[in-house]
Every structure is written in C-alpha cells, then in structure tokens.
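Asks: Numbering (this note's numbering), first residue to last: 210 to 478.
Beta carbons are placed, not taken as given, at the ideal position from N, Cα and C, and that holds for glycine.
In this text the structure is predicted, and so the values were computed from the model without any measurement.
One structure coming up, written as structure tokens, with questions to follow.
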Ligand SMILES: C[S@@+](CC[C@H](N)C(=O)[O-])C[C@H]1O[C@@H](n2cnc3c(N)ncnc32)[C@H](O)[C@@H]1O
C-alpha cells in the first residue's frame with residue numbers, strides 16, 4: 210500500500226500530465242473573450258469585489274480569472290507545477306493580474322507566508338483529491354481573517370457515486386458515497402478527453418459524504434452560514450444533460466431533480 214505522500218505524488222504527476230489536454234479542451238476562447246464561468250448564485254453567496262480572495266486548487270486558473278474579473282485581488286494555489294505555469298500564461302493572455310503559488314493545500318499557510326484572506330474559494334472537483342477533510346478545514350480556518358468566508362462548491366457525493374452509464378429510468382450507483390479510504394484509479398481519460406493521457410495515469414481519490422464535509426467545517430470552528438444542494442453542474446456529468454450556457458448543465462425535462470453539486474458557506478468568527 211502506498212503512503213499518502215506517494216499517492217499525492219501520483220496525483221500531482223497526473224495533474225501535470227492533464228494540463229496540455231485541458232488547455233485544449235476547456236473552451237478557453239470563451240474565457241479569453243471575457244466570458245464568465247462562475248454562476249450568478251456563487252457571486253450572490255460571496256462578496257469578492259475589492260477583497261483578498263484565495264482560490265485553493267486553482268488548476269489552470271480559469272475560475273481564478275473570473276474571480277479577479279469580478280474585482281477580487283486573487284491568489285491561486287495548486288499542487289501541480291504545470292497547472293501553475295499554465296495559469297500564469299492564461300492570466301497574462303487575459304490581461305488579468307493574479308498571483309499563483311505552487312503548494313500542497315496542506316502546506317498553504319507556510320507557502321503563503323502567514324497571509325490571511327477575506328474569502329477562500331474552492332471546489333469543482335477539489336475535495337475528492339484530499340485524504341483528510343478535517344485537516345483541510347483547519348488549514349482554511351487558519352487562512353481566513355476574522356470575519357472571513359469559506360465558499361466551497363463541489364460535486365455532490367450522490368452524483369460522484371452514480372455510474373457513468375445510466376439506465377433509461379432510475380439512478381444506478383456504482384461508487385462510494387461515504388469515505389472508505391483511498392480509491393485507486395488507472396485511466397488515460399480526463400473529463401476533457403478520452404484516452405488522452407500517455408503517462409501518469411494512476412490517481413488516488415477519496416469519497417466524502419456531506420456529513421464529513423460539514424463536520425470538518427464545523428470542527429474547525431467555522432460558523433455555517435449557508436448550505437445548498439444544487440440541481441445544476443459545471444460539467445456535463447451525464448450525456449443527456451441540458452446545456453445552460455457559460456459551462457453549466459442541468460437535468461433535462463421529466464428527469465427527477467437529484468442534486469448534482471453542493472455548496473458550503475462558512476464564516477470565521
Ligand atoms: C479538478 S481540478 C480543480 C478544478 C478547478 N476548480 C477548475 O476550475 O479548473 C483539481 C486541482 O486540484 C489540484 N490538487 C490536487 N491535490 C491537491 C493538493 N493536495 N493540494 C493542492 N492542489 C491539489 C490538482 O493539481 C488540480 O489542479
């Protein structure tokens with residue numbers, strides 16, 4: 210069995226390998242043309258204009274750019290050096306001033322030199338890469354100023370547990386909803402392409418039930434000020450989903466409204 214450090218290293222290498230694929234497959238022309246990727250309900254939940262905003266697990270920085278365009282003094286942080294390099298290039302192309310920091314989330318306090326933020330924004334495929342959510346929430350609490358806000362919006366564990374191939378009616382589950390420890394995958398696919406990775410195909414992910422997410426946030430001393438289960442998703446999870454524009458998708462007519470994402474808003478006292 211690999212150590213947590215070895216698993217993190219495999220994940221870092223996998224995310225490095227994904228970068229050239231994602232630079233082609235993320236629909237970046239929309240962003241270059243000034244397009245938005247954050248939903249209106251996200252901006253309604255957090256006030257980023259004129260605030261110090263830290264985007265954890267910022268990948269190639271698409272959402273970081275949107276936060277900056279909305280007035281944030283934005284800092285992005287990611288484990289993958291290739292993601293950080295690509296994010297710097299993309300921000301320059303978009304003419305947006307963003308600072309990027311190369312670090313593991315768990316080492317973020319030190320990597321950011323003890324700086325504190327008004328908002329910590331994260332999600333959209335972030336939490337599943339973290340083995341210990343309680344430790345993550347303690348790091349977030351340390352990164353926030355008094356009165357600062359955590360906004361985490363991620364894929365709903367029910368949707369994560371759903372099978373890729375769905376029957377004509379009903380919902381087929383084939384994955385864990387609850388955390389049973391590290392899950393090893395070996396796949397040349399990413400959500401932006403099938404068979405696109407020639408190397409670094411092994412990853413380790415962790416399922417996190419909603420109870421674990423909420424308990425982590427509350428145990429870190431943060432006050433829960435919002436929790437929403439969303440019937441929209443920033444990824445076409447199932448082929449039948451309806452394109453809502455700006456990178457968002459919803460259920461087609463006549464399909465039961467199950468949650469696709471969830472968001473947690475919490476404040477530091
Ligand atoms: C699905 S992406 C996040 C997507 C991002 N929200 C976006 O809009 O593109 C997951 C990111 O988490 C990063 N990551 C995974 N484990 C991490 C860790 N322990 N610390 C920091 N970043 C990590 C990966 O390098 C990757 O860039």
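1) Chain D beta carbons: is any one of them nearer than 8 Å to that of residue 271?
2) Kindly examine ligand 1 and report whether one of its heavy atoms sits closer than 7 Å to the Cβ of residue 289.
3) So, under 8 Å CB-CB, residue 475 and residue 434 are touching, yes? Tell me the CB distance rounded to an integer number of Å.
4) If we ignore side chains and look at the alpha-carbon of each, how far apart do residue 397 and residue 220 end up?
5) Looking only at DSSP bridge pairs, what is residue 383 linked to?
6) Taking the alpha-carbon of residue 322 as reference, which of 267, 355, 286 and 342 has the nearest alpha-carbon?
7) Should residue 335 be listed as close to ligand 1, given that the test is whether its C-beta is under 7 Å from any heavy atom?
8) What does the alpha-carbon distance come out to for the pair residue 234 and residue 269?
9) Does the distance between the C-beta of residue 252 and the nearest non-hydrogen atom of ligand 1 fall short of 7 Å?
10) Which parts of the segment 388-437 are runs of the alpha helix (DSSP H), unbroken and 4 residues or longer, counting only runs that do not cross its ends?
11) Whole alpha helix (DSSP H) runs in the segment 243-298 with 4 or more residues, listed along the chain?
12) From residue 524 to residue 251, what distance separates their C-alpha atoms?
13) Nearest by alpha-carbon distance to residue 402: which of 229, 326 and 218 is it?
14) Can you tell me whether DSSP reads residue 457 as helix, strand or coil?
15) Touch check for the segment 317-333 and the segment 359-373: three-plus C-beta pairs under 8 Å?
16) Grab me the residues of residue 176's own chain with a C-beta within less than 8 Å of its C-beta, minus the 5 sequence neighbours each way, in chain order.
17) Give me the residue from 343, 373, 325 and 377 with the minimum Cα distance to residue 355.
18) CA-CA distance, residue 274 and residue 467?
19) Put residue 335 into one of helix, strand or coil per three-state DSSP.
20) Kindly give me the distance between the Cβ atoms of residue 317 and residue 352, rounded to whole angstroms, as I take these residues to be in contact under 8 Å.
21) Is residue 376 buried or exposed, if buried means 16 or more other CB atoms sit within 10 Å of its CB?
22) Answer yes if the segment 338-349 comes into contact with the segment 412-425, meaning at least three C-beta pairs across the two stretches below 8 Å, and no otherwise.
23) Just to confirm my understanding: we take residue 449, look at its own chain, exclude 5 residues before and 5 after, and list those with CB closer than 7 Å. What are they?
24) Using a Cβ-Cβ cutoff of less than 8 Å, which residues in the same chain neighbour residue 302 once the five nearest sequence positions on both sides are dropped?
25) Are there 16 or more other CB atoms within 10 angstroms of the CB of residue 212, so buried, or fewer, so exposed?
26) When DSSP builds the beta bridges, which residues end up paired with residue 353?
Replies: From the atom records:
1) No chain D appears in the structure shown, which is made up of a single protein chain.
2) yes
3) Confirmed, about 6 Å.
4) 13 Å
5) Residue 383 pairs with nothing; no bridge assigned.
6) 286
7) Taking 7 Å as the cut-off, the C-beta of residue 335 counts as close to a heavy atom of ligand 1.
8) 12 Å
9) no
10) 419-428
11) 249-254 and 271-278
12) The shown model of the chain, from 210 to 478, leaves out residue 524, and the question about it has no answer.
13) 229
14) strand
15) Here the segment 317-333 lies against the segment 359-373, with 3 or more beta-carbon pairs under 8 Å apart.
16) The shown model of the chain, from 210 to 478, leaves out residue 176, and the question about it has no answer.
17) 325
18) Residue 274 and residue 467 have their C-alpha atoms roughly 30 Å apart.
19) Note: residue 335 maps to coil in three-state DSSP.
20) 6 Å
21) exposed
22) yes
23) 461
24) For residue 302, where only same-chain residues beyond five positions count, the Cβ hits under 8 Å are 241.
25) So residue 212 ends up on the exposed side.
26) 326
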